[in-house]
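Chemist: Each residue of the sequence shown is one higher than the one before, starting from 30 at the first, in my numbering. Cβ atoms here follow ideal geometry from the backbone N, Cα and C, with glycine treated the same way. The structure follows.
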Amino acid sequence: MNAERQLFWDGCFNTRDLGGLRTEDGRETRWGAVVRSDDPAGLTADGWASLQRHGVRTIVDLTGGESTTARRPAGLTGVPVELDDHTDTEFWTRWDNALSCTPLYYRAFLDRFPQKVAEVLTAIAAAEPGGVLVHCSSGRDRTGLISLVLLAAVGVGASDIAADYALTHVRRAELCAAAGLPDDTPRVHGLIAQHGTSEPEVIADVVGSRDMAAYLRSAGVTAEHLAALRDRMLT
30 MNAERQLFWD GCFNTRDLGG LRTEDGRETR WGAVVRSDDP AGLTADGWAS LQRHGVRTIV
90 DLTGGESTTA RRPAGLTGVP VELDDHTDTE FWTRWDNALS CTPLYYRAFL DRFPQKVAEV
150 LTAIAAAEPG GVLVHCSSGR DRTGLISLVL LAAVGVGASD IAADYALTHV RRAELCAAAG
210 LPDDTPRVHG LIAQHGTSEP EVIADVVGSR DMAAYLRSAG VTAEHLAALR DRMLT
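Written out as structure tokens, the structure is:
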């Protein structure tokens, strides 16, 4: 996994470019097209300058809260899309616990909320020219799910998607410390192990569970937006 994909923007701890990944048909994801991150609300002035120099022009906020509105510099467009539908109490009674801090809930989420996923991918496809930053709070769970769907839909293989997901743990201790919390990575890996599997195996299972482009199409992403995703993401 290319270490250059990790971005060190002052005030964020889990930011990386989704470029430089090979697809199964021999193409490569485009540098600068999509960046995944923890919440950019914590960026310093230098951090925001780094974001803009990287070419980001659209920020898709998966919390739906537009947390960066007050501090966001001019020239950036915010698109709030609340990914988690907490009105579905049946789903979250099952998953809104420690398991939602692992990719173990991803397959169930994709089955339950295809339209929510489609809304986010459509927002990425329809973004104005320039880079798109996708974030949630810590850049791990919701952002990890959307990154998985996006990469799988354009043809990146499961092993590379799992390797990208694993990069979330590199600075997890710093992110947690900044929030006054202990690093939860060992606990998360322990939960996955209790289910008789590993993080790469879970990611591979999710990726292999469906044709992701077909899934998005059936969820409401238009053929034009799917083509726009590929054009945005692939060299």
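Starting from residue 66 and walking both ways along the alpha helix (DSSP H), at which residues does that stretch end?
Modeler: Along the sequence shown, read from residue 1 onward, the residue named residue 66 stands at position 37. Bounds of any alpha helix (DSSP H) do not take in residue 66; it lies within the beta strand (DSSP E) bounded by 63-66.
Chemist: Unbroken beta strand (DSSP E) runs of length 3 or more, entirely within the segment 152-181: which are they?
Modeler: Here the runs fully enclosed are 160-164.
Chemist: To which residues of the same chain is residue 71 closer than 7 Å at the C-beta, ignoring the five residues directly before and after it?
Modeler: Translated into the one-based positions of the sequence shown, residue 71 becomes position 42. Closer than 7 Å at the Cβ level, and outside the excluded window around residue 71, lie 40 and 41.
Chemist: Among the candidates 249, 201, 221 and 38, whose CA atom is the shortest distance from the CA of residue 152?
Modeler: Here the question's residue 152 lines up with position 123 in the sequence shown. Of the candidates 249, 201, 221 and 38, the one whose C-alpha sits nearest the C-alpha of residue 152 is 249.
Chemist: What number of angstroms, rounded off, separates the C-alpha of residue 35 from the C-alpha of residue 136?
Modeler: The residue you call residue 35 lines up with position 6 of the sequence shown. The residue you call residue 136 lines up with position 107 of the sequence shown. One C-alpha to the other measures close to 27 Å.
Chemist: Starting from the C-beta of residue 86, find all residues in its chain whose C-beta is less than 8 Å away, skip the five residues before and the five after it, and write them out in chain order.
Modeler: If you number the sequence shown from 1, residue 86 lands on position 57. Excluding residues within five positions, the ones whose Cβ falls inside 8 Å are 104, 105, 106, 156, 157, 158, 159, 160 and 161.
Chemist: Please state whether DSSP places residue 57 in a helix, a strand or coil.
Modeler: Indexing the sequence shown from 1 puts residue 57 at position 28. Three-state result, residue 57: strand.
Chemist: Closest by CA to residue 82, which one among 100, 89, 51 and 37?
Modeler: The residue given as residue 82 occupies position 53 in the sequence shown. Closest option to residue 82, Cα to Cα, is 37.
Chemist: Quick check: what's the CA-CA separation for residue 30 versus residue 46?
Modeler: Mapped onto the sequence shown, residue 30 falls at position 1. Mapped onto the sequence shown, residue 46 falls at position 17. The pLDDT assigned to residue 30 is 49, lower than 50, so where the model puts this residue is not dependable; a value taken from the coordinates is nonetheless given after this. Each residue's Cα considered, the two are about 12 Å apart.
Chemist: Beta carbon of residue 252, beta carbon of residue 246: below 9 Å?
Modeler: Locating residue 252 in the sequence shown gives position 223, where the first residue counts as 1. Locating residue 246 in the sequence shown gives position 217, where the first residue counts as 1. Yes. Within cutoff.
Chemist: Give a yes or no on contact between the segment 172-179 and the segment 199-208, applying the rule of three or more CB pairs nearer than 8 Å.
Modeler: no
Chemist: Assuming residue 129 contacts residue 67 (C-beta within less than 8 Å), just tell me the rounded distance between them.
Modeler: The residue given as residue 129 occupies position 100 in the sequence shown. The residue given as residue 67 occupies position 38 in the sequence shown. Wrong, their Cβ atoms sit about 16 Å apart, outside the cutoff.
Chemist: Leaving out five residues before and five after residue 138 in sequence, what residues of the same chain have Cβ atoms less than 7 Å from its Cβ?
Modeler: Counted from its first residue, the sequence shown places residue 138 at position 109. For residue 138, where only same-chain residues beyond five positions count, the Cβ hits under 7 Å are 174.
Chemist: Please return the same chain residues whose Cβ sits closer than 6 Å to the Cβ of residue 186, not counting the five positions on each side in sequence.
Modeler: Translated into the one-based positions of the sequence shown, residue 186 becomes position 157. Correct list, in chain order: 53.
Chemist: Quick check on the burial criterion: 16 or more other C-beta atoms within 10 angstroms. Buried or exposed for residue 55?
Modeler: Here residue 55 refers to the residue found at position 26 when the sequence shown is read from its first residue. Residue 55 is exposed by the Cβ-count criterion.
Chemist: What are the start and end residues of the beta strand (DSSP E) that includes residue 109?
Modeler: For the purposes of this step, residue 109 is taken as the residue at position 80 of the sequence shown. Residues 106-109.
Chemist: Give the straight-line distance between the Cα atoms of residue 231 and residue 196, rounded to the nearest whole angstrom.
Modeler: By one-based count along the sequence shown, residue 231 stands at place 202. By one-based count along the sequence shown, residue 196 stands at place 167. Computed Cα separation, rounded: 15 Å.
Chemist: Using a Cβ-Cβ cut-off of 6 Å (strictly less than) and excluding sequence neighbours within five positions of residue 171, which residues of its own chain qualify?
Modeler: Along the sequence shown, one-based indexing puts residue 171 at 142. Here the set comprises 91, 112 and 165.
Chemist: Can you give me the C-alpha to C-alpha distance between residue 100 and residue 44, rounded to a whole angstrom?
Modeler: By one-based count along the sequence shown, residue 100 stands at place 71. By one-based count along the sequence shown, residue 44 stands at place 15. C-alpha separation (whole angstroms): 18 Å.
Chemist: Between the alpha carbons of residue 225 and residue 180, how many angstroms are there, rounded?
Modeler: For the purposes of this step, residue 225 is identified with residue 196 of the sequence shown, where counting begins at 1. For the purposes of this step, residue 180 is identified with residue 151 of the sequence shown, where counting begins at 1. So the two alpha carbons sit approximately 26 Å from each other.
Chemist: Going by DSSP, what residues sit across from residue 118 in a beta bridge?
Modeler: Taking the sequence shown and counting its residues from 1, one reaches residue 118 at position 89. BP columns for residue 118 are empty, so no partner.
Chemist: Identify which residue in 235, 198, 168 and 163 has its Cα closest to the Cα of residue 61.
Modeler: Taking the sequence shown and counting its residues from 1, the one referred to as residue 61 is at position 32. Measuring C-alpha to C-alpha distances from residue 61 to each of 235, 198, 168 and 163 identifies 163 as the nearest.
Chemist: By the DSSP assignment, the alpha helix (DSSP H) with residue 100 in it spans what residues?
Modeler: Numbered from its first residue, the sequence shown carries residue 100 at position 71. Counting along the chain, residue 100 falls outside any alpha helix (DSSP H), and DSSP gives it neither H nor E.
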